[in-house]
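Structure first, then comments.
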Amino acid sequence: MVTRRRLFAAGAAGGAALLGPAGWTTSGRAATALAPLDARDIPKYVTPLRIPPAMPAVATDPERDTYEIAVRQFRQQILPPSWPRTTVWGYGSTAHPGSFGYPAPTIVARVGRPVRVTWSNQLVDDRGDYLPHLLPVDPTLHWANPAGGTEHRDRHGQWDGSPQGYRGPVPQVVHLHGAHSAQESDGHSEAWYLPVARNLPPDFAVSGSAYREFRSRFAEHSGLRWAPGSATFEYANDQRPCTLWYHDHTLGLTRTNVYAGPAGFYLLGGGGDDLPDGVLPGPAPTRDDPPNASHHDIPLMIQDRSFTADGELRYPRRYSGDGDGPPTWVPGFSASTMVVNGRTWPTLTVRRRRYRFRLLNACNSRFLLLSVAANATARPARPVLPVWQIGGDGGFLPEPVPHERVALGPAQRVDAIVDFTDVPAGTELYLVNEGPDGMYDGGRPGVDFPPADPHTTGQVLRFVVADAAGVDPSVPPEQLRLPSPPRLGTAQRVRRLSLNERMSGGKMIMLLGVLDERGRGLPLRWSDPVTEQPTLGDTEEWEVRNFTRHVHPVHLHQVQFELLGRGHSGQVRPDPGERGRMDTVLAYPWEVTRIRARFDLPGRYAWHCHLLEHEDNEMMRPLTVLPRGGAAAGDGGSSGGPASPEGGPEAPGTASTDAG
Ligand SMILES: [Cu+2]
0 MVTRRRLFAA GAAGGAALLG PAGWTTSGRA ATALAPLDAR DIPKYVTPLR
50 IPPAMPAVAT DPERDTYEIA VRQFRQQILP PSWPRTTVWG YGSTAHPGSF
100 GYPAPTIVAR VGRPVRVTWS NQLVDDRGDY LPHLLPVDPT LHWANPAGGT
150 EHRDRHGQWD GSPQGYRGPV PQVVHLHGAH SAQESDGHSE AWYLPVARNL
200 PPDFAVSGSA YREFRSRFAE HSGLRWAPGS ATFEYANDQR PCTLWYHDHT
250 LGLTRTNVYA GPAGFYLLGG GGDDLPDGVL PGPAPTRDDP PNASHHDIPL
300 MIQDRSFTAD GELRYPRRYS GDGDGPPTWV PGFSASTMVV NGRTWPTLTV
350 RRRRYRFRLL NACNSRFLLL SVAANATARP ARPVLPVWQI GGDGGFLPEP
400 VPHERVALGP AQRVDAIVDF TDVPAGTELY LVNEGPDGMY DGGRPGVDFP
450 PADPHTTGQV LRFVVADAAG VDPSVPPEQL RLPSPPRLGT AQRVRRLSLN
500 ERMSGGKMIM LLGVLDERGR GLPLRWSDPV TEQPTLGDTE EWEVRNFTRH
550 VHPVHLHQVQ FELLGRGHSG QVRPDPGERG RMDTVLAYPW EVTRIRARFD
600 LPGRYAWHCH LLEHEDNEMM RPLTVLPRGG AAAGDGGSSG GPASPEGGPE
650 APGTASTDAG
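Residue numbers (numbering that gives the first Met the number 0): 0 to 659.
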């Protein structure tokens, strides 16, 4: 048996920095500073909404746009002015030190024009020593586990006795969510890397188990070799115009990495499937904006965050109680304040005209039900302006859809138009949230569950309407004709999958899986043999059966899929707002969610629940696209070999049902 004393000794060999007395973020903070900040004490609507600027490029040549982006630690005013600043992580351009922010600057990309990004992990201090995590890290999960060395990385780790759990250098890897990316550029969870730091413990793994394979693949294609502490990814932008976002995706650490701040928008526009300039409200920030440019296409990254009394981010150490043990994974977390574009409860002055808002739910596990109301606290909320949805995750809908209330699960986007033209100047309106504080099991607010606290998390953003300035050339949403997404062809194969609950180590955890021969959920973990192995070029239908009490946002990498149906039969038509392409779909309890996707890039990807707490604790499975002809792609790494537990792959081109 490994004693705590021995773990301490092992930690000492790995560097003294792991052993110091660790407080919440620094050892000197008093207990009162660590107490939670009461969200009701924070004044609302005292700071203007921040609109992230466009990310500066380091080169724009005929072939592509090139970026040098790092993640760094800095302090930012997230709470209102005169309140403490908050230590966060965020991305920015290394060539423009002033560009770092939470959220990060927006990458502005054009369809058909590739973007190449070198992503560097610069979570180091001024002396070049690594920075530990801002938040508690459960080292016992199946996670990146750099302290395990090359032999035990991407496995369950051991606790070294620190009250904050793992205190070593923090792995990072960036996933561009919703992108049609080659495998080596997808930000695979086991392709993480540590920063280059003076004091990296020599026995640590400096990168994840998939890093070298993807580094070689990228070098083969591009002739470029990734530098230590970084990875270079190329995004082909060969998909329909849409609203993407980028965020960390490290195995078993995504929830706390993303909570600490690293996330940004990636707006893909142009090409034959976009609308001509001026038809939709605009512009969004661009790389060559003049100072004081005004924007009418505004991304809204909505997140919940909790703070300590001294203004630092707060994330639970344990599910319940304090105790002496390591920080332990929590199954979900609803924080106490709403933060939009990095500020708590901001205010946006809008002109009497139309605006385009790219709504993103970037919460760890909170579901949002958003509407525009005149009264911030009345429940049920009484919407006064429709939110016209023109697109979802993967681009435009077939036609604009007016919503009184927009449902947005974690990672989902809604491309929306709100028309303030007929609202008298001086009016104050509120973006309110009637999603639950806590897990979402479906149903209606006020009927099936209490809506979020109307005084805190039930409010998101205030609009103050001002007089029009100039003419609004945009087309009213009800008159818009949208470039309809093409339909995918018939599926070559139907795959039957499951979402499951299982007790594990005294806790209920959620697992993806397949169905057994009797139609019951057969849960599988990240490291179990790969079962989802479409053949390159095939279209598949996935029937995802939810055997849990909760709604899970199911996300597939590589593809933008169609939602075919849901309900107990799987035959209930999708809502009008779900009739475009999607990369994340809500799977409701006890229902079948049927999607159709075409897999046209070979290699190793993943599909997972986008509740970050679930994703981090095994609710993620490999998705490996095999080349036509049947040979396995890659070695499968620690995600298991490309074998099916029920036998080999069937003949390509035949329709069949996969029972596991
Ligand atoms: Cu889940």
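Glycine is no exception: its CB is placed at the ideal position from the N, C-alpha and C atoms.
### Query
For the candidate residues G488, G520, Q491 and R480, whose alpha-carbon lies nearest to that of N499?
G520
### Message
Let's see if you can read the secondary structure: which residues bound the beta strand (DSSP E) around D287?
### Response
It is not in any beta strand (DSSP E) - D287 carries neither H nor E in the DSSP assignment.
### For N256, the three-state DSSP class (helix, strand or coil)
helix
### Task
Any chance you could list the alpha helix (DSSP H) runs of at least 4 consecutive residues sitting entirely within the stretch 204-288, in chain order?
210-221 and 253-258
### Task
Pull every residue with its beta-carbon under 6 Å away from any heavy atom of ligand 1, and keep them in chain order.
M509, H551, C608, L610, H613 and M618
### Message
Between which residues of its own chain and W225 is the CB-CB distance below 7 Å, once the five residues before and five after are set aside?
### Response
R214, F217 and T231
### In DSSP terms, what C608 is bridged to
V553
### Query
Per DSSP, which one or two residues make a beta bridge with N432?
L369
### Task
Answer yes or no: do L496 and V624 have a C-beta to C-beta separation smaller than 9 Å?
no
### Query
First and last residue of the beta strand (DSSP E) that includes T86?
T85 to S92
### Below-9 Å beta-carbon distance, H132 vs any chain B residue
Absence of chain B from the displayed structure is noted, only one protein chain being present.
### Query
Okay, do the stretch 386-393 and the stretch 419-426 touch, 3+ Cβ pairs below 8 Å being the bar?
no
### Query
Which one of Y439, G469 and T376 has the shortest CA to CA distance from V459?
T376
### Query
Just the Cα atoms here: how many angstroms apart are E183 and V110?
20 Å
### Message
Would the stretch 447-457 count as touching the stretch 474-482 if we require 3 or more Cβ pairs under 8 Å?
### Response
no
### Residues of its chain near P397, where Cβ-Cβ distance is below 6 Å and the 5 sequence neighbours each way are ignored
S483 and R578
### Beta-carbon contacts of L223 that lie in its chain and below 7 Å, excluding the five residues immediately before and after
F217 and T231
### Task
Let me know the secondary structure DSSP gives S98 once reduced to three states.
helix
### Query
What's the gap between the Cα of Q532 and the Cα of Y354?
42 Å
### Query
Of all the options H556, Q557 and P573, which has the alpha carbon lying nearest to the alpha carbon of G564?
P573
### Task
For my contact list, P325 and D137 are in at a C-beta cut-off of 8 Å; report their separation, rounded to the angstrom.
6 Å
### Query
Taking just the CA atoms, how far does R378 sit from S180?
43 Å
### Query
Who pairs with P522 in a beta bridge, going by DSSP?
G512
### Task
May I have the straight-line CA-CA distance separating H155 from G277, to the nearest angstrom?
53 Å
### Spatial distance of P282 from L274 (CA atoms)
13 Å
### Task
Return helix, strand or coil for R197, following the three-state DSSP convention.
coil
### Query
Using the beta-carbon count (16 or more within 10 Å), is S333 buried or exposed?
buried
### Message
Under 8 Å: do the stretch 46-58 and the stretch 245-262 share three or more Cβ pairs, one atom per stretch?
### Response
no
### Query
What distance in whole Å lies between the Cβ atoms of T93 and S119, which are believed to be in contact at a cut-off of 8 Å?
7 Å
### Task
Compare the beta carbon distance of R63 and P113 with 9 Å and say whether it is the shorter of the two.
yes
### Task
Go ahead and label P472 buried or exposed: buried means 16 or more other beta carbons lie within 10 angstroms of its beta carbon, across all protein chains shown.
exposed
### Query
In angstroms, rounded to a whole number, what distance separates the CA positions of L384 and E403?
7 Å
### Task
Answer yes or no: do L122 and Q163 have a C-beta to C-beta separation smaller than 9 Å?
no
### Task
Starting from the N-terminal side, write out each stretch of the beta strand (DSSP E) that is 3 residues or longer and does not extend beyond the stretch 292-328.
296-306
### Query
Where does the unbroken alpha helix (DSSP H) through T538 begin, and where does it stop?
Looking at the DSSP string, T538 is not in any alpha helix (DSSP H); the run it does join, the beta strand (DSSP E), is T538 to N545.
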